[in-house]
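Everything on this sheet refers to the single structure shown next.
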Amino acid sequence: MKRYIEYFLATARISILSQIQYRVANYFYMIGMIAEPVIYLVVWSTIAKQLGGVVGGYTAGAFAAYYIVWTLVRNMNIVFTPFGWENRIREGELSMSLMRPVHPIISDIAYFSGWKVVVIILWIPIAIFLSWVFKPTIEFTVMKAIVFFIAIWDAFLIRTMLLSLLGMITFWTTRVSAIFDLYFALELILSGRLVPMTLMPPWVQNLSNYLPFKYTFFFPIDALVGSMSTQELWMGIGMQIFWITLGASLLSLVWRVAIKQFSAVGG
Amino acid sequence: MSSVITISKLAKHYQVPEREGGLKAAVTSLFKRKYRTVKAVDGISFNIEPGEVVGFLGPNGAGKTTTLKMLSGLLHPTSGEVRVMGYEPRHRSHDYLRQITLVMGNRNQLTWDLPALDSFDLQRAIYGIPVDQFKQTRDEFIELLELKDLVNKPVRNLSLGERMKMEFVVALLHRPKVLFLDEPTIGLDVTMQRRIRTFVAEYNRRYNATVLLTSHYMADVEALCKRVIVIHHGRLLFDGDLSTLVRQFSSYKTLSLTLPNPEVDLVEYGEVVSREDGRVTLRVPKAQTSQVTARLLSDFQVDDLTVEDAPVDDVIDQVFSQKE
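Chains A and B supply the protein sequences, listed in that same order. In this text, residue positions in the first sequence follow our numbering: the first is 9, and each later residue adds one. In this text, residue positions in the second sequence follow our numbering: the first is 353, and each later residue adds one.
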């Protein structure tokens with residue numbers, strides 16, 4: 009265990025050092041990423057004002073709070089992609105990582121965790137600027153902050169499991185971007201990335217309860233800016249842990265078959 | 353003494369889809385796919401003893417890299433047996449991976465944007481190398497490869513040769529007992545190739561490591577390997593001393609002689625390969641070497657004469673072309 013912690017910290021350190029090398033590029037990347045929530049925010053704030061100040065329980069200030077926290081959650085959601093898996097296999101990089109006595113997915117988690125540290129630090133001035141412009145309304149409590157902090161890391165792990173599972177397809181066949189695109193479209197609608205889930209039709213909200221997507225986006229944001237009870241907050245964390253466990257178990261099963269396939273044909 | 357590497361009737365076969373060109377064949381292949389079996393490795397056997405440095409030779413597509421990948425656990429054999437230090441490589445147990453390394457000339461493990469020192473630190477954590485041992489090994493390698501002024505530069509700013517030296521440090525920091533080197537000097541200039549060879553030889557001497565090396569540069573093989581294993585079309589052609597290979601397969605010898613008049617016509621004695629600085633090099637059929645040598649000495653005033661085996665490059669080339 010000690011060795012794993014040491015490895016985890018060393019990889020995260022390498023990631024942080026790499027990201028610092030490209031701090032300006034990272035900053036522009038994050039600023040570019042703000043365009044999406046700012047568009048949503050402007051649209052919904054305008055609608056709210058036209059409808060007397062509130063849409064589905066959200067005021068302009070509540071929308072501002074939702075989409076400002078969105079920017080951080082979106083960055084926390086960035087993980088090693090299925091396209092990355094395809095590239096990794098095609099370019100032979102997987103062979104080199106399989107030669108190390110550490111599982112490649114553990115490496116990915118460690119590396120991206122380090123990146124997240126940089127992301128959180130870079131996000132703070134962006135959040136301050138957006139708050140100055142859009143005036144969010146937020147009821148802040150310590151409990152909410154704690155749950156939010158846990159929830160964004162859980163969201164990162166859920167998405168790592170899901171996208172790694174998707175990436176496993178590339179062990180059998182490449183050029184499967186159509187499948188990936190379908191997945192990302194579903195995720196956009198059912199996660200709360202496009203609009204808060206509470207603004208969706210009831211059947212979509214109901215469907216999203218049985219899928220992992222909303223626990224990667226809507227739940228962490230709502231934990232901080234919404235009005236969930238303490239019980240609901242911890243229930244949400246429980247659901248996140250359920251999806252992490254299920255994802256990790258499935259990934260472990262699929263990995264065993266996938267790696268046999270890789271070992272049979274090489275790469 | 354028990355062998356470090358034992359390979360017995362090892363085979364790796366692939367099913368490769370194939371079809372003829374054209375639209376009709378393309379449509380037909382949607383419903384009925386044809387496969388061809390490619391025997392990348394076809395029943396080879398050999399043992400390697402502790403501390404041996406063995407050259408693993410063969411033309412492109414002979415099955416060298418496939419064999420190395422089976423030895424390192426990246427590929428599962430179709431049939432046959434592989435054991436390395438008692439481990440079955442295909443299980444890729446962490447204990448096994450900590451004792452081996454695979455260096456491929458066209459792959460890298462270094463973090464591109466950071467100084468190599470950071471990659472060394474990461475390697476320490478990956479392999480759980482004790483700090484004291486890590487520092488000692490790292491400093492020893494930096495000195496051996498003369499890297500002191502380079503380890504603080506981002507890897508992307510290093511030349512290919514400098515990067516390859518760093519790759520060797522990263523690959524050997526955990527002091528592996530078995531080294532699989534696949535074309536480690538590919539693309540490097542002569543000086544850098546020599547430096548890498550010296551380093552591998554020194555590592556082998558210091559740690560009694562076992563090395564299996566593939567290379568198309570015969571200078572690598574001559575400098576490092578007493579023994580060579582030659583494969584072609586996945587089958588074993590030769591396993592023995594490099595000198596035996598040369599004796600067995602070379603059909604000619606090289607005579608170099610210094611004459612007062614180097615422009616003299618020597619065609620009737622053998623094939624004139626070069627004339628440089630008063631020295632003529634002749635290629636003579638092996639069976640006629642002594643007879644031609646005697647004639648040259650009696651017909652000319654020879655200042656100096658040497659008889660050498662054919663260059664290993666030529667011999668290997670001859671082996672492969674004979675077996676086509």
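Note that the Cβ used here is the ideal one computed from N, Cα and C, for glycine as well.
Under the DSSP assignment, K124 (chain A) falls in the alpha helix (DSSP H) whose first and last residues are P112 to F142.
The C-beta distance from G64 (chain A) to T206 (chain A) rounds to 6 Å, short enough to meet the 8 Å contact threshold.
At a C-beta separation below 7 Å, G480 (chain B) has these neighbours in chain A: R11.
Annotation for I146 (chain A): no beta strand (DSSP E) segment contains it, and DSSP assigns it neither H nor E.
For G403 (chain B), the three-state secondary structure derived from DSSP is coil. Counting only Cβ-Cβ distances below 7 Å, S260 (chain A) has no contacts in chain B at all, with the closest Cβ about 16 Å away. Flagged as an interface residue toward chain B: G100 (chain A), by a C-beta distance shorter than 9 Å. Of A:I160, A:L102, A:M9 and A:V150, the smallest CA-CA separation from S121 (chain A) is found for A:I160. DSSP places S216 (chain A) in the helix class (H, G or I) of the three-state scheme. Taking a Cβ-Cβ cut-off of 7 Å, the neighbours of V110 (chain A) in chain B comprise I478, given in sequence order. DSSP places Q485 (chain B) within a helical segment (H, G or I) once states are collapsed to three. Using a Cβ-Cβ cut-off of 9 Å, T19 (chain A) counts as an interface residue toward chain B, since at least one Cβ of chain B sits closer than that to its own. Under DSSP, I267 (chain A) takes part in no beta bridge, so it has no partner.
Residues of chain B whose Cβ lies closer than 9 Å to the Cβ of Q29 (chain A) are, in chain order, D465, L466 and P506.
Close CB contacts of I55 (chain A) within its chain, under the 8 Å cut and outside five residues either way in sequence, are with V63 (chain order).
Looking at the DSSP output, R627 (chain B) bridges to B:V632. Here F179 (chain A) is not near N85 (chain A), since their CB atoms are 9 Å or more apart.
Under a 10 Å Cβ-count criterion, R549 (chain B) is classified as buried, with 16 or more other Cβ atoms of the shown protein chains found around its own Cβ. Shown here for V87 (chain A): same chain residues with a beta carbon closer than 6 Å to its own, the five before and five after excluded, namely F120, R167, T168 and L171 in chain order. Taking the beta carbon of Q488 (chain B) as reference, no residue of chain A falls within 7 Å; the closest one sits roughly 19 Å away. Annotation for T550 (chain B): the continuous alpha helix (DSSP H) segment containing it runs V542 to Y559. For Y555 (chain B), the closest alpha carbon among the candidates B:F520, B:P536 and B:P369 is that of B:F520. Proximity of Q485 (chain B) to chain A, defined by a Cβ-Cβ separation below 9 Å, is not satisfied. Between S121 (chain A) and chain B, the shortest Cβ-Cβ separation is not below 9 Å. Of the residues B:V598, B:L499 and B:N560, the one whose Cα lies closest to the Cα of M570 (chain B) is B:V598. In the assembly as shown, A646 (chain B) is an exposed residue. Its beta-carbon has fewer than 16 other beta-carbons within 10 Å.
With its beta carbon less than 9 Å from one in chain B, I22 (chain A) belongs to the interface. Taking the CA atoms as reference points, E14 (chain A) sits about 6 Å from A477 (chain B).
Contact between T358 (chain B) and R435 (chain B) holds, with the beta-carbon distance rounding to 4 Å and staying under 8 Å. Here K376 (chain B) is exposed: its Cβ has fewer than 16 other Cβ atoms, across all protein chains shown, within 10 Å. When only Cα atoms are considered, V542 (chain B) and G513 (chain B) end up about 10 Å apart. Residue A:S23 holds the alpha-carbon nearest to the alpha-carbon of V127 (chain A) among A:Q248, A:S23 and A:G61.
Interface residue (Cβ-Cβ distance to chain B less than 9 Å): L219 (chain A) is not classified as such.
Separation of the CB atoms of S355 (chain B) and E401 (chain B) is rounded to 6 Å, and the pair is thereby assigned contact status at 8 Å. Just so you know, the alpha carbons of Y75 (chain A) and Y48 (chain A) end up roughly 8 Å apart.
Cα atoms of V390 (chain B) and S381 (chain B): separation of roughly 19 Å, rounded to the nearest angstrom.
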